[in-house]
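As structure tokens, the structure follows; a few thoughts come after it.
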Ligand code: MG
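Residue numbers (my numbering): -2 to 303.
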């Protein structure tokens, strides 16, 4: 079943449920208004019979108690209903006959109890159907590509550092004698962040959207990638919950520049800087990053469905 179909049926079931309940309430209410029905005790009823105030009686016979339905002659247009023990029935009918009251004897209305059953069962079935569909749809959401309540994505990037390139990290330029080689400005934080966002949204990676074979992106400001990712998230009705990043670089020290980086990244993504968390590490002199030949970043992003 398609999601649209399931949603349609869900609305239909719930709508039918509401209409049914409203109809029951309305019917009960108008019945109540049209005819006033007394529910006298046995004693009260017999007093009425004695006084000659009962016009007609229908006796409903079932295996257990008998039910009496009928109309008074005084007061006019007033009905009554009472249940009596089987044993009391002969006595009542005798007294009614003596008073010349018309008595009809009928089988207990089976149809009425069926109707009662339907009135109870149909709304329950409609509601059950609604919840089954709701549960199915939620499960589809988990398995399918539709937005979950919370989604997480991871991103990683590394660029070689070369002399004569600008060192751009987290959307800002830092004073240094080397910078990342790359097709764009080589901002590892922006690239890893972009991948984390696209991953969380199930939209591939940065290469899918900005192939490095396209001359359009040569020397590009990586904030453009983030702005584009933001647009894609918007279209999928996803919002950024939180971003956490680790930047690995031997030199220079990044910590003092974090507030500016968070501001720049937040601006590109349209979120407050508080949602972006940055951490810096060195590689303890080990490997290419440790020797100062490269810069790397890991980012985890959490998205929430809007
Ligand atoms: Mg890159």
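Just so you know, even glycine gets a beta-carbon here, dropped at the ideal spot from N, CA and C.
Alpha helix (DSSP H) segment containing residue i, residue limits
i	result
residue 158	Not the alpha helix (DSSP H): residue 158 falls in the beta strand (DSSP E), residues 147 to 160.
residue 88	86 to 95
residue 260	255 to 266
residue 45	39 to 47
residue 61	Careful: residue 61 lies outside any alpha helix (DSSP H) and carries neither H nor E.
8 angstroms Cβ cutoff met for residue i and residue j
i	j	result
residue 244	residue 186	yes
residue 267	residue 227	yes
residue 272	residue 242	no
residue 188	residue 154	yes
residue 221	residue 298	no
residue 5	residue 35	no
residue 261	residue 183	no
residue 240	residue 206	no
Three-state secondary structure assigned by DSSP to residue i
i	result
residue 72	coil
residue 208	coil
residue 144	Any answer about residue 144 is weak, because its pLDDT of 46 lies below 50 and its placement is not dependable; what the coordinates show is given next. Coil, per DSSP.
residue 213	helix
residue 283	coil
residue 33	strand
residue 53	strand
residue 297	strand
residue 179	coil
residue 132	helix
residue 173	coil
residue 26	helix
CB-CB length for residue i against residue j, believed under 8 angstroms
i	j	result
residue 42	residue 79	6 angstroms
residue 158	residue 292	6 angstroms
residue 149	residue 118	Actually they are not in contact, since the Cβ atoms of residue 149 and residue 118 sit about 44 angstroms apart, beyond 8 angstroms.
residue 17	residue 127	Rounded, the Cβ-Cβ distance is 12 angstroms, inconsistent with contact.
residue 0	residue 136	With 8 angstroms as the limit, residue 0 and residue 136 do not qualify as a contact, their Cβ atoms being about 11 angstroms apart.
Residue interval of the beta strand (DSSP E) (run including residue i)
i	result
residue 274	273 to 278
residue 241	235 to 245
residue 251	Here residue 251 belongs to no beta strand (DSSP E), and DSSP marks it neither H nor E.
residue 190	Not the beta strand (DSSP E): residue 190 falls in the alpha helix (DSSP H), residues 185 to 198.
Any heavy atom of the ligand MG nearer than 5 angstroms to the CB - residues listed | Chain order is used for the residues whose beta-carbon lies nearer than 5 angstroms to a heavy atom of the ligand MG, namely 154 and 188.
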